[in-house]
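Participant: Here it is, the structure in full.
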Amino acid sequence: MKKSGVFLFASALLVAAVPATADIVEGRTTNDRPFVTGGIGLGEVDRLKQIADKYSLQLIVSSRSGAYLADMQVAIAAANGQKILDTQLKAPWLLVDLTPGAYTVSVAHPGAPTQQRKVLIAAGKRERIVIQLDVPADTAKNPAPAK
Numbered sequence: 002m003k004k005s006g007v008f009l010f011a012s013a014l015l016v017a018a019v020p021a022t023a024d025i026v027e028g029r030t031t032n033d034r035p036f037v038t039g040g041i042g043l044g045e046v047d048r049l050k051q052i053a054d055k056y057s058l059q060l061i062v063s064s065r066s067g068a069y070l071a072d073m074q075v076a077i078a079a080a081n082g083q084k085i086l087d088t089q090l091k092a093p094w095l096l097v098d099l100t101p102g103a104y105t106v107s108v109a110h111p112g113a114p115t116q117q118r119k120v121l122i123a124a125g126k127r128e129r130i131v132i133q134l135d136v137p138a139d140t141a142k143n144p145a146p147a148k
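When you line the sequence shown up against my numbering, it's residues 2 to 148, in that order.
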């Protein structure tokens with residue numbers, strides 16, 4: 002009985018160490034398309050991977066060393082310049098369901114040059130963008146989990 006008690010205690014500690022998915026934030030773009038952000042902790046990353054197929058664009062932001070980043074400004078504009086999304090991300094993952102078309106994705110983080118990527122969203126397809134920013138080493142301390 003003592004071994005099972007130790008196992009239960011250790012299991013409880015592991016569960017407590019993984020943040021709940023409550024930190025996954027849902028929202029709507031300016032043209033009423035759904036998006037979610039998250040990715041702090043393995044629990045959130047696993048949950049986002051499970052729902053990623055429902056979204057046409059997956060954006061992941063990290064440092065060049067591979068550490069996930071947070072607290073960055075992300076903007077998505079349509080080819081005609083219309084802002085679709087302009088938000089402050091508190092986590093490294095963004096899933097957004099964009100309508101088919103051409104878009105520009107911009108990511109700004111304090112201390113790093115803004116980066117832009119062009120992306121073409123096709124009907125029924127999912128695009129994945131990984132943006133790696135040049136940030137000071139002390140800004141990015143947690144390496145991204147293995148894929």
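Note that the Cβ used here is the ideal one computed from N, Cα and C, for glycine as well.
Is it the case that the segment 104–114 contacts the segment 59–79, given that we only count it when at least three CB pairs across the two stretches are under 8 Å?
Facilitator: yes
Participant: So, do the segment 45–58 and the segment 114–134 have three or more beta carbon pairs nearer to each other than 8 Å?
Facilitator: yes
Participant: Since Gly-28 is in the alpha helix (DSSP H), which residue starts that stretch and which ends it?
Facilitator: If you number the sequence shown from 1, residue 28 lands on position 27. It is not in any alpha helix (DSSP H) - Gly-28 instead sits in the beta strand (DSSP E) that spans 26–29.
Participant: Where are the alpha helix (DSSP H) runs, 4 residues long or more, that stay fully inside the segment 29–116, in chain order?
Facilitator: 43–52
Participant: With a CB to CB cut of under 7 Å and the five nearest residues on each side skipped, what residues in its chain are close to Pro-137?
Facilitator: Residue numbering aside, residue 137 sits at position 136 when the sequence shown is read from its first letter. Around Pro-137: Gly-112.
Participant: Whose C-alpha, out of Gln-83, Asp-72, Val-37, Arg-29, is nearest the C-alpha of Gln-89?
Facilitator: If you number the sequence shown from 1, residue 89 lands on position 88. The shortest Cα separation from Gln-89 among Gln-83, Asp-72, Val-37, Arg-29 belongs to Asp-72.
Participant: Return no unless some Cβ of chain C is closer than 9 Å to the Cβ of Pro-101.
Facilitator: Note that chain C does not occur in the displayed structure, where there is just one protein chain.
Participant: Would you give the residue range spanned by the beta strand (DSSP E) that Val-131 belongs to?
Facilitator: Within the sequence shown, the letter at position 130 stands for residue 131. Bounds of the beta strand (DSSP E) holding Val-131 are 128–134.
Participant: Is the separation between the beta-carbon of Pro-114 and that of Leu-95 shorter than 9 Å?
Facilitator: In the sequence shown, counting from the first residue as 1, residue 114 sits at position 113. In the sequence shown, counting from the first residue as 1, residue 95 sits at position 94. No.
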